Structures are given as C-alpha cells and as structure tokens.
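One structure below.
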DNA sequence: GCGCAGGTAGAGT
DNA sequence: ACTCTACCTGCG
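Given below as structure tokens:
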C-alpha cells in the first residue's frame, strides 16, 4: 500500500476522464460516473476505484487530500507513478493559461486534478477505434466484452478475478465481423484489421513510439478506421504528445463558441492538456 | 420514429 | 479540395 499526498491530484476527476475507459467504481450499483451525481461535490462515498491497465490491476482510493494506492512501493514507482503522470505538477500547465482567458481559466479550475494517463499503445488504438460515433457507456461495455472474451483471465493476490486487455494475436485470426458479437458494430473490422497488421508485423507498435508527433500521427492514420481525431487521441493518451489536440464534436462546438478565430497558437506545446480541460467542461457544464 | 453518441472511408461533385 | 453519406447499436 502506497500513500501519496498530492496537491494536483484528485482521483475522482481522474476516474471521470474518458481516457480511462477501463476504470470504474468497485462497489456494485454505484453510478460509473461520479459526475452524474451533481450534488455530491465534497465527500463521495464511492471513492474507491479499480484500474485495469493492460494486464495490471490496481485499487486506489481518495482519502481527502491523499490518494491511497493499494500496491507495492516498487510497482507504484515502476509503473503507476508514470501511468498517472505523478512526477509532473499540472500547475505548470495551468499557470501557462492566459489570465484574461476567463473561459479556459474556469475550465482548468473545474478540471483541477485531471491528468493525462500514460496508457498502452495497442489498448489506445483499439479503444479509440471503438470510440468513434459511439457513447461512453457503450464504449466501456464494448471494451469489457472484448476483454472478457479475448483477454487473459487473471487473479490478484487478494483473489480478485479480472481480464487483461486482449493482445493483438488474440484478435488477429478472427473474421472481420467477429467482434460484432462484442457489440462493436461496424467498428469490428477496424479492430480485427489493426490486430492483423500488428500481429503480422506490418504495423510496428514500438516503432511508432519513437516517432515525432507528426510522423506518429501519419503512421497511425495508415490503419483502416483511424482518422485525424482518433490518431490524435492515440498520440495524446499513449504517446504523450501534448501537441496533439483531438477535435471531436464537443471540442468543435466549444471552439466555435469560445475561439472563433482558432485556438491560440501560444498553447501549441501543451494544448493536449488544455483540450482535456475544455472537453470535461463541455461534459460537466455543457457547451 | 428519429436523431445522436468523443468519426471515417469512399464516392460524388 | 470540398461535401455527402452509410455504417452498428442503444437510448432519449
């Protein structure tokens, strides 16, 4: 068990973030999204979460100012610290926001605690292929279906059973429409083809990791079903390219309303983080 | 019943 | 280069 006091960290807000598709409350019957309970602003009774990343499992809990991570110190240092980007003070990003930009100042304040997770590349490719023209509830269900059916079953030392994210090889041999059984709809063939390309070595995951933002984006868009928005999401959440600024319907609306002349260029190097503040502002407060 | 949900590929101007 | 549409599915 590892305890950390973190001023720029709020687990509740992490768990509301859409890039954590596999994150959810432990206790049955609780709303999967704490934000849906508008009133409970202070103490949230369901503040304990399970986080499954790749084949790893973690339980974590917000205790006032502190976050408790139920794992060995070494596993925290070797993996979860980097996963949650805890070696970074997000105040450094927030302080770069122009004080006169009241919209962004307000969005960043509301999104205080949000962090860009460092997630697995293959997992992000699949997750965001599934995300297109889809809603968050169904996206989560799709991914759970995939993991249950094709992911390796694991057990923690405390006896919790869970499913790892399926490796490309587990999906590569399927028919293109096989994943419609997992509720993916027309996205089934996108995922199967991506799995095949990775498993056959046509698409080199580790190679993409060493590319610049622009090159990685171009490379990702070679995958069938990956367009600009999905490529940017993958760049942001798997490759940590903070120049990536995924524009979806929500962001497009917000840009039209608050930045009719385009998003300020001065934010180029951190606009991925700011995108998240804007995105969650649209989710929580509407456009 | 119809439009939409964290888009994209492909066809048609 | 731009605009339009089909695409799975479930929910309001």
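In my numbering, the protein residues as written are 3 to 289.
C-beta atoms are modelled at their ideal positions from N, C-alpha and C, and glycine is treated no differently.
Owing to the predicted nature of the structure, the values given are computational and were not obtained by experimental measurement.
From what residue to what residue does the alpha helix (DSSP H) around residue i run?
{"i": "residue 281", "result": "273-287"}
{"i": "residue 260", "result": "251-260"}
{"i": "residue 207", "result": "207-211"}
{"i": "residue 107", "result": "104-112"}
{"i": "residue 149", "result": "138-152"}
{"i": "residue 226", "result": "Looking at the DSSP string, residue 226 is not in any alpha helix (DSSP H), and its letter there is neither H nor E."}
{"i": "residue 116", "result": "Here residue 116 belongs to no alpha helix (DSSP H), and DSSP marks it neither H nor E."}
{"i": "residue 199", "result": "190-201"}
{"i": "residue 93", "result": "93-96"}
{"i": "residue 217", "result": "215-222"}
{"i": "residue 130", "result": "123-133"}
{"i": "residue 173", "result": "170-174"}
Can you check which of these residues, the options, is closest to residue i by C-alpha distance?
{"i": "residue 195", "options": "225, 50, 218 and 90", "result": "225"}
{"i": "residue 172", "options": "160, 199 and 185", "result": "199"}
{"i": "residue 169", "options": "158, 134, 207 and 76", "result": "207"}
{"i": "residue 241", "options": "126, 253 and 255", "result": "126"}
{"i": "residue 122", "options": "197, 57 and 278", "result": "57"}
{"i": "residue 153", "options": "167, 160 and 193", "result": "167"}
{"i": "residue 143", "options": "237, 202, 186 and 97", "result": "186"}
{"i": "residue 96", "options": "262, 258 and 277", "result": "277"}
{"i": "residue 229", "options": "73, 248, 184 and 54", "result": "248"}
{"i": "residue 81", "options": "66, 55 and 68", "result": "55"}
{"i": "residue 130", "options": "238, 284, 209 and 203", "result": "238"}
{"i": "residue 211", "options": "201, 203, 139 and 222", "result": "222"}
{"i": "residue 213", "options": "284, 243 and 77", "result": "243"}
{"i": "residue 124", "options": "156, 197 and 78", "result": "197"}
{"i": "residue 188", "options": "78, 79 and 134", "result": "134"}
{"i": "residue 227", "options": "252, 178, 184 and 217", "result": "178"}
May I have the straight-line CA-CA distance separating residue i from residue j, to the nearest angstrom?
{"i": "residue 141", "j": "residue 132", "result": "6 angstroms"}
{"i": "residue 84", "j": "residue 119", "result": "8 angstroms"}
{"i": "residue 250", "j": "residue 94", "result": "26 angstroms"}
{"i": "residue 75", "j": "residue 113", "result": "28 angstroms"}
{"i": "residue 109", "j": "residue 102", "result": "13 angstroms"}
{"i": "residue 99", "j": "residue 274", "result": "13 angstroms"}
{"i": "residue 257", "j": "residue 107", "result": "15 angstroms"}
{"i": "residue 128", "j": "residue 263", "result": "33 angstroms"}
{"i": "residue 64", "j": "residue 70", "result": "6 angstroms"}
{"i": "residue 288", "j": "residue 159", "result": "42 angstroms"}
{"i": "residue 62", "j": "residue 182", "result": "33 angstroms"}
{"i": "residue 111", "j": "residue 280", "result": "11 angstroms"}
{"i": "residue 282", "j": "residue 176", "result": "36 angstroms"}
{"i": "residue 236", "j": "residue 246", "result": "9 angstroms"}
{"i": "residue 137", "j": "residue 201", "result": "29 angstroms"}
{"i": "residue 35", "j": "residue 215", "result": "Summary for residue 35: the model assigns pLDDT 40, below 50, so the residue's position carries little reliability; its value from the coordinates is reported in the next sentence. Computed Cα separation, rounded: 31 angstroms."}
{"i": "residue 192", "j": "residue 66", "result": "42 angstroms"}
{"i": "residue 161", "j": "residue 72", "result": "14 angstroms"}
{"i": "residue 265", "j": "residue 231", "result": "16 angstroms"}
{"i": "residue 68", "j": "residue 204", "result": "45 angstroms"}
Would you check whether the ligand FMN has a heavy atom nearer than 7 angstroms to the C-beta of residue i?
{"i": "residue 284", "result": "With respect to the ligand FMN, the structure offers nothing, as it holds no ligand at all."}
Assuming the contact rule is C-beta atoms closer than 8 angstroms, residue i and residue j should be a hit. Round their C-beta distance to whole Å, please.
{"i": "residue 190", "j": "residue 180", "result": "7 angstroms"}
{"i": "residue 50", "j": "residue 59", "result": "Not confirmed; about 13 angstroms, so no contact."}
{"i": "residue 260", "j": "residue 92", "result": "Not confirmed; about 21 angstroms, so no contact."}
{"i": "residue 233", "j": "residue 254", "result": "Not quite, the Cβ-Cβ distance comes to about 16 angstroms (not below 8 angstroms), so this is no contact."}
{"i": "residue 164", "j": "residue 151", "result": "Incorrect: roughly 14 angstroms between the Cβ atoms, too far for contact."}
Span of the beta strand (DSSP E) holding residue i?
{"i": "residue 63", "result": "58-65"}
{"i": "residue 68", "result": "68-71"}
{"i": "residue 55", "result": "50-55"}
{"i": "residue 164", "result": "163-165"}
{"i": "residue 100", "result": "Counting along the chain, residue 100 falls outside any beta strand (DSSP E), and DSSP gives it neither H nor E."}
{"i": "residue 156", "result": "155-157"}
**Prompt:** Three or more beta-carbon pairs under 8 angstroms between the region 73-88 and the region 102-119, yes or no?
**Reply:** yes
**Request:** Assess, as a yes-or-no matter, whether the region 265-280 is touched by the region 144-154 under the definition of 3 or more beta carbon pairs within less than 8 angstroms.
**Result:** no
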